[in-house]
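> When we follow my numbering, the leftmost residue of the sequence shown carries the number 1, and every step to the right adds one.
Don't be surprised by glycine CBs; every beta carbon is placed ideally from N, CA and C.
On a predicted model such as this, the values are computed, not experimentally measured, just so you know.
Have a look at this one.
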Amino acid sequence: MNESMKRRIAFALKCKPEEVPEEPEKLREALDKCRADLKVKKKVKHGESIH
1 MNESMKRRIA
11 FALKCKPEEV
21 PEEPEKLREA
31 LDKCRADLKV
41 KKKVKHGESI
51 H
């Protein structure tokens, strides 16, 4: 993976570029978790129920 891609992923995951997982499966899990967190925060911000 090139450095610019690592920096972009690190920004999305709110971590350092060195901490970006190299294995595709771990990277996918980390990004999915990040997306889930964003959805929950967005719902709470708009006053909707999380459940």
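For residue 10 versus residue 34, is the C-beta spacing smaller than 8 Å?
no
> Do residue 21 and residue 7 have their C-beta atoms within less than 8 Å of each other?
no
> Terminal residues of the continuous alpha helix (DSSP H) containing residue 3?
3-13
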